[in-house]
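The structure under discussion appears below in the form of structure tokens.
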Amino acid sequence: MRLNRKLHLTLLKIALVILVFLFCLQWLIPALGLYSLKNWYGEQGEGYELEVGDWQFSPWRGLVELNDVTFRYAEQTSSFNQMHLNIAMLGLVEHKLVIEEATFDGLVLSVTQGEQGFELLGLSSKALLAQEKSNQTLATSDNQNNEASNTQDTNSAPWVFEVHKIELNNHSLSFNHVSLDAAIEVRHIQIKGTNQFEDLALNSEFIVKSLHSQSPKIAINDPVLVKINGLVTHLLENPVWQGEVILENMKLVTPWLPDSGFKRLTLSGMTFSSEKQLLSALNIEELYIEEDLLALKQYHAQDIAFSANTLSTGLHEWSGLTATLKLNKDGGLEHLTLDDKVDENQTELEKTKKDSAKMQEKVEPFKLLISEVRQKPEQSALIKILNPHVNPKLNIGISVSQLQVKNLNNQQENIQLSIEAKADEYSHISLNADVTTRDKINGDVTLKIDQFDLIPLNGYVAKSIGYHVDQGQLNLDAQVNIKQGKLSGKGQLVIRNSYLEPENQATMDRISKQISMPIETALSLIKDDNNNMKMSIPIKGDINAPDFGLDDLISQLSQKALTSATLHYIQQAIFPYGLLMSVAGYVGDELFSISLTPITLNDSKFDEKQEAYLVKVVSLMQDKESLQLRVCAQVSNSEKLDDWHELALDRAKLVKRFLVDQDNTLSSRIVLCEPKVGKITQIRMGF
Numbered sequence: 005m006r007l008n009r010k011l012h013l014t015l016l017k018i019a020l021v022i023l024v025f026l027f028c029l030q031w032l033i034p035a036l037g038l039y040s041l042k043n044w045y046g047e048q049g050e051g052y053e054l055e056v057g058d059w060q061f062s063p064w065r066g067l068v069e070l071n072d073v074t075f076r077y078a079e080q081t082s083s084f085n086q087m088h089l090n091i092a093m094l095g096l097v098e099h100k101l102v103i104e105e106a107t108f109d110g111l112v113l114s115v116t117q118g119e120q121g122f123e124l125l126g127l128s129s130k131a132l133l134a135q136e137k138s139n140q141t142l143a144t145s146d147n148q149n150n151e152a153s154n155t156q157d158t159n160s161a162p163w164v165f166e167v168h169k170i171e172l173n174n175h176s177l178s179f180n181h182v183s184l185d186a187a188i189e190v191r192h193i194q195i196k197g198t199n200q201f202e203d204l205a206l207n208s209e210f211i212v213k214s215l216h217s218q219s220p221k222i223a224i225n226d227p228v229l230v231k232i233n234g235l236v237t238h239l240l241e242n243p244v245w246q247g248e249v250i251l252e253n254m255k256l257v258t259p260w261l262p263d264s265g266f267k268r269l270t271l272s273g274m275t276f277s278s279e280k281q282l283l284s285a286l287n288i289e290e291l292y293i294e295e296d297l298l299a300l301k302q303y304h305a306q307d308i309a310f311s312a313n314t315l316s317t318g319l320h321e322w323s324g325l326t327a328t329l330k331l332n333k334d335g336g337l338e339h340l341t342l343d344d345k346v347d348e349n350q351t352e353l354e355k356t357k358k359d360s361a362k363m364q365e366k367v368e369p370f371k372l373l374i375s376e377v378r379q380k381p382e383q384s385a386l387i388k389i390l391n392p393h394v395n396p397k398l399n400i401g402i403s404v405s406q407l408q409v410k411n412l413n414n415q416q417e418n419i420q421l422s423i424e425a426k427a428d429e430y431s432h433i434s435l436n437a438d439v440t441t442r443d444k445i446n447g448d449v450t451l452k453i454d455q456f457d458l459i460p461l462n463g464y465v466a467k468s469i470g471y472h473v474d475q476g477q478l479n480l481d482a483q484v485n486i487k488q489g490k491l492s493g494k495g496q497l498v499i500r501n502s503y504l505e506p507e508n509q510a511t512m513d514r515i516s517k518q519i520s521m522p523i524e525t526a527l528s529l530i531k532d533d534n535n536n537m538k539m540s541i542p543i544k545g546d547i548n549a550p551d552f553g554l555d556d557l558i559s560q561l562s563q564k565a566l567t568s569a570t571l572h573y574i575q576q577a578i579f580p581y582g583l584l585m586s587v588a589g590y591v592g593d594e595l596f597s598i599s600l601t602p603i604t605l606n607d608s609k610f611d612e613k614q615e616a617y618l619v620k621v622v623s624l625m626q627d628k629e630s631l632q633l634r635v636c637a638q639v640s641n642s643e644k645l646d647d648w649h650e651l652a653l654d655r656a657k658l659v660k661r662f663l664v665d666q667d668n669t670l671s672s673r674i675v676l677c678e679p680k681v682g683k684i685t686q687i688r689m690g691f
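Everything in the sequence shown is counted per the working numbering, starting at 5 for the first residue and increasing by one.
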């Protein structure tokens with residue numbers, strides 16, 4: 005019994021010694037490790053110091069924990085509240101490093117990129133890499149000496165690394181670079197790994213507190229909430245990401261746009277790999293560009309697929325669109341000003357574009373395929389058009405009841421565009437187009453406008469022809485063909501119940517010269533008894549021209565309309581006995597604004613056809629009392645006799661006499677002009 009008792013006491017003492025040794029070892033190993041780490045960090049620079057408030061190490065449970073860790077360097081500090089690791093210790097025997105759980109809380113860290121590479125905790129990546137290379141050089145000889153003994157280790161089983169769960173909470177990170185500054189607050193990031201590091205489930209939420217890029221200047225001044233959730237599979241071989249991304253409260257400042265942003269952006273059903281990039285749905289809520297430039301209540305796009313040379317999507321749909329189009333002094337859209345820095349980089353940008361164009365010549369061209377873009381049915385959009393550069397200012401609202409684009413692409417296939425809108429309760433605007441956009445625009449466009457009130461366009465009317473609209477209603481039916489960006493077509497314009505008042509005499513004189521007749525004459529010719537004007541407008545121009553603005557378009561159309569309508573009216577008035585010759589501005593003839601068919605006399609008499617023709621001229625002058633007729637005789641060089649001047653003047657008087665015999669009130673409106681010598685003998689007439 006005594007022997008057994010002594011043995012028990014001896015064994016107990018031995019166990020206590022071993023236990024004390026193990027506890028000392030448990031404390032000593034991490035203590036020595038921390039001591040070495042502190043010394044190493046202190047050697048990195050003056051004032052470098054590592055502080056650890058508390059730590060725990062339990063090899064039996066595989067627990068490593070550090071609390072209240074602070075790095076001090078260069079009058080800066082970085083810190084974290086806690087790092088907690090649970091390692092499966094038994095797996096180490098089988099060459100498995102299995103991190104069952106890793107938790108990292110309260111990190112405050114600043115990262116800077118400069119000439120020394122990345123710098124964090126006061127340490128530069130360039131210096132660390134140099135130190136690592138030095139250590140590898142020193143170890144090379146030892147490795148060569150022990151090559152034989154290491155052969156057996158080399159042939160042993162490879163290590164396997166698994167992460168079951170990683171969780172990061174409440175981190176504050178900042179990044180500084182010469183061209184980019186960013187500050188991020190990590191609320192939480194949770195990563196769960198399975199299948200020997202093959203699959204990772206990610207659940208994260210963080211806040212981008214600020215972001216400023218210098219070239220180009222892009223800034224996020226208000227916090228943006230970012231959520232990224234999903235699963236990464238086949239991480240080591242062929243990674244595939246499946247999940248969703250959510251951004252909330254985005255307020256962005258860029259050199260290309262004024263202040264812009266959205267309440268929420270959701271990218272759902274994402275699948276990204278080296279072979280394919282798919283997105284089942286994109287949703288944007290409360291998108292805006294500046295306060296009143298553009299706003300969207302909701303935008304939705306689905307079935308988005310991207311490959312090396314193709315971007316294809318399904319339906320794009322939106323609701324709650326409001327937009328304000330501000331026009332510049334030339335009638336085009338007001339250009340958005342770019343930052344000075346962007347201008348400095350313009351040369352580099354152009355070079356990049358040229359390099360990209362050269363690359364595209366060598367590879368298959370990029371394809372864009374969008375099945376349909378439309379406004380949600382039974383939803384209306386409001387588009388305001390403003391121009392402060394006309395008097396009175398343009399301020400008109402267009403309510404769009406339907407907007408639809410089908411088969412939007414950059415290939416040869418046709419794109420169908422359909423728009424239905426109105427400017428007030430009674431007007432109607434319809435635009436339909438069938439075009440292609442490959443290389444240059446080609447196709448057909450139809451525009452119909454019905455019962456459009458002209459009063460809102462008064463500033464343009466006054467600027468175009470010098471008249472003010474007291475009342476009037478516009479109807480337009482235009483058919484336009486576009487070939488290689490060039491417009492050709494005709495528009496039938498009807499202005500009903502119109503009353504125009506002279507407003508700007510200088511503009512009236514200028515337009516009169518451009519249309520080669522007094523504008524009062526042109527307007528009086530095309531108005532009927534009910535103050536309606538019908539005009540056929542030839543439409544020409546280059547849709548790719550930079551000056552293709554509303555001002556330029558209205559000016560051209562108004563002048564062409566007045567000229568064309570005036571010529572058409574006179575031609576119809578004297579048809580079929582006389583045909584319109586030309587407008588003075590087109591032939592360089594300053595005698596007449598409008599030239600009529602000349603008359604050739606035989607034996608100083610008119611034949612029946614000439615008399616009927618002159619009767620038509622009388623009827624035209626009776627209908628339009630503002631017309632002044634000029635009668636000018638001309639003789640050929642071969643008939644230029646001694647008394648040619650008197651004979652020619654007699655022939656002109658013969659025409660006036662016939663006209664006055666039909667209506668003696670016309671006498672004061674018919675003027676004879678100085679006879680001239682020309683190629684042939686004839687009597688010329690014109691207004």
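We put the CB at the ideal spot given by N, CA and C, even for glycine. Just so we're clear, the structure is a prediction, and the values are computed from it rather than from any experiment.
Burial is judged here by how many other beta carbons sit within 10 angstroms of a residue's own beta carbon; Arg442 has fewer than 16 and is exposed. Here Met625 carries a helix assignment [DSSP, helix/strand/coil]. Annotation: Ile541 to Asp457 spans about 19 Å, alpha carbon to alpha carbon. Where Gln496 is concerned, the enclosing beta strand (DSSP E) starts and stops at Lys490 to Pro506. For Pro460, the secondary structure class from DSSP, reduced to helix, strand or coil, is helix.
Residue pairing by DSSP leaves Met521 without any beta bridge partner.
In this structure Ser516 is buried. Its beta-carbon is surrounded by 16 or more other beta-carbon atoms within 10 angstroms. The three-state reading of DSSP puts Met512 in helix, counting H, G and I together. Judged by their CB atoms, Ser403 and Lys388 are not nearer to each other than the 7 Å cut-off. With a contact defined as Cβ atoms closer than 8 Å, Gly247 and Leu206 qualify at about 7 Å. His472 has its alpha-carbon roughly 6 Å from the corresponding atom of Glu507. According to the DSSP assignment, Glu650 belongs to the alpha helix (DSSP H) that extends over Trp648 to Gln666. Inclusion of Asp438 and Gly489 in the CB contact set at 7 Å is not warranted, their separation being larger than that value. The beta carbon of Val622 is closer than 6 Å to those of Leu663, Gln666 and Asp667 in its chain, skipping five residues each way along the sequence. Put simply, of Leu36, Gln218 and Glu202 the residue whose alpha carbon is nearest the alpha carbon of Asn242 is Glu202. Taking C-beta atoms as the reference points, Glu105 and Ala92 fail to come closer than 7 Å. Taking a C-beta distance under 7 Å as the contact criterion, Gln117 and His181 qualify as a contact pair. Across the set Thr685, Pro381 and Asn85, the C-alpha of Thr685 shows the shortest separation from the C-alpha of Asn606.
Straight-line measurement puts the Cα of Pro227 at about 47 Å from the Cα of Thr450. With respect to the 7 Å criterion, Gly495 and Asn485 are not classified as neighbours on the basis of their beta carbons. Inter-residue distance for Leu398 and Leu390 is about 5 Å (C-alpha atoms, whole angstroms).
Linking Leu298 to Ile374 through their CA atoms gives a straight-line distance of about 22 Å. Distance from the CA of Lys444 to the CA of Lys333, rounded to the nearest whole angstrom, comes to 27 Å. Annotation: Ser520 to Leu331 spans about 30 Å, alpha carbon to alpha carbon.
Looking only at Val112, Lys100 and Glu69, the smallest Cα-Cα distance to Ser82 is reached by Val112. With respect to the 7 Å criterion, Asn253 and Leu229 are classified as neighbours on the basis of their beta carbons. The C-beta of Arg65 has fewer than 16 other C-beta atoms within 10 Å across all chains shown, which makes the residue exposed. Put simply, the backbone Cα of Val167 is about 31 Å away from that of Ala285.
Within the region 204-269, the beta strand (DSSP E) runs of at least 3 residues that lie entirely inside it are, in chain order, 221-224, 228-237 and 244-257. For Tyr430, no beta strand (DSSP E) segment is defined, and its DSSP state is neither H nor E. Residue state for Gly46 is assigned as helix, using DSSP reduced to three classes. For Gln416, the three-state secondary structure derived from DSSP is coil.
Around Lys213, the same chain offers Ala187, Glu189 and Pro227 as residues with beta carbons nearer than 6 Å, after the five sequence neighbours per side are excluded. Inclusion of Leu497 and Met539 in the CB contact set at 7 Å is warranted, their separation being smaller than that value. Taking a 10 Å sphere around the C-beta of Leu204, we find 16 or more other C-beta atoms and assign the residue as buried. Boundaries of the beta strand (DSSP E) around Ala305: Leu298 to Phe310.
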